[in-house]
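Going by numbering that gives the first Met the number 0, the first residue of the sequence shown is number 0, and it counts up by one from there. From the three backbone atoms N, C-alpha and C, an ideal C-beta is built for every residue, glycine too. Just so it is clear, the structure is predicted and the values come from calculations on it, not from any experiment. For reference, the structure is listed below as structure tokens.
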Amino acid sequence: MTAIKKEETASGLFVVLEGIDGSGKTTAWSHLKQHFAGDSDYIFLREPTDLPTGQRIRACLQGEQTPPATDAGWKELFVQDRRANVEQNIVPGLQAGKTIIQDRYKHSTAAYQGADAADAHRILDELKEFPEPDILIYLRLSASAALKRIDARSARRDHFESQQRLERIAENYGSILPRDCIQVDAEASPEAIQDSLLEILKAATEKQGYSGS
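Written as structure tokens, this is what we have:
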């Protein structure tokens, strides 16, 4: 896949939500999706996707299929899914002038698959072929607090949900997030988080000349 140049997707706005498992990121994404329901200017995507590539990842995470034996194997699955997502969803949406709000993107791959901060930076560098988000939002939460939430909502953890893994992932995020990343306190209530995200989106869309809703 040839690297996507920014000018090829300049008419749209690409917003990505990131965070460790348990940070409330997907809940926040879902609340935004409900808020903008019926507004055709907004497209909501997630990774793993609902495409066949993403369905395979979800099956592996849930123990329904044999998962990759190595982090490199996991990384390849996520990259295949992302490539399909970029080609089939992200680029067409941005070229049509849509605002795309996505749950997880390439920073997740680097943070989750990186053995340490240096490895996470290396992985992120390998993912330069994929377009950069216009706005990157990180829901910040400690690994211990995230694990408490995970245990409260489910008796079963997935492949990445352990204290040691979450601490490594959080450290990797802290190392690779760019300076212009917007960090939101995930200890806040879901309502407060949504208000913060709506303010961020309003400012961004007004800056690019969108009306939004």
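Worksheet item: What did DSSP end up calling Thr65 once you bin it into helix, strand or coil?
Response: coil
Worksheet entry | Distance, Glu190 Cα to Leu123 Cα | 32 Å
Worksheet item: Could you give the distance in angstroms between the alpha-carbon of Arg148 and the alpha-carbon of Ala187?
Response: 13 Å
Worksheet item: Val78 to His106, Cα distance in whole Å?
Response: 12 Å
Fill in: Gln163 to Gly173 span [Cα, whole Å]
16 Å
Worksheet item: What residue does the beta strand (DSSP E) around Val85 start on, and which one ends it?
Response: That residue, Val85, is in no beta strand (DSSP E); it is neither H nor E in DSSP.
Worksheet entry | 8 Å contact criterion, which Ala119 and Asn171 should meet: CB distance rounded | 4 Å
Item to complete: Report the three-state DSSP secondary structure of Tyr111 (helix, strand or coil).
Response: helix
Worksheet item: So is Pro132 buried or exposed if we call it buried at 16+ other beta carbons inside 10 Å?
Response: buried
Worksheet item: Could you give the residue range of the beta strand (DSSP E) that holds Leu12?
Response: 12-17
Worksheet item: Apart from the five residues just before and just after Ala83, which ones in its own chain have a Cβ nearer than 6 Å to its Cβ?
Response: Leu50, Thr52
Worksheet item: Which first and last residues belong to the beta strand (DSSP E) in which Thr98 is found?
Response: 98-102
Worksheet item: Excluding sequence positions up to five away, which residues of its chain have a Cβ less than 7 Å from the Cβ of Ile56?
Response: Pro47, Leu76, Phe77, Asp80
Fill in: Where the beta strand (DSSP E) through Asp49 begins and ends
Note, Asp49: premise wrong, no beta strand (DSSP E); not H, not E.
Discussion item. Within 10 Å of its beta-carbon, does Ala36 have 16 or more other beta-carbons around it, so buried, or fewer, so exposed?
Written reply: exposed
Discussion item. Check whether the region 54-71 and the region 9-28 touch, using three or more Cβ-Cβ pairs below 8 Å as the test.
Written reply: no
Practice prompt. With a floor of 3 residues, list each beta strand (DSSP E) that falls wholly inside the region 157-182, ordered by position along the chain.
Written response: none
Worksheet item: Mapping DSSP to helix, strand and coil, what is Leu135?
Response: strand
Worksheet entry | Rounded straight-line distance, which links the Cα of Glu86 to that of Ala216 | Examination of residue 216 is not possible in this model, given that the chain is present from 0 through 212 alone.
Worksheet item: By DSSP, does Gly211 sit in helix, in strand, or in coil?
Response: Bear in mind that a pLDDT of 46 at Gly211, under 50, signals an unreliable position, so the model cannot answer this.
Worksheet item: Is DSSP giving Asp184 helix, strand or coil here?
Response: strand
Discussion item. So the candidates are Asp102, Tyr41, Ile99, Ala109; which of them puts its Cα closest to the Cα of Ile175?
Written reply: Ala109
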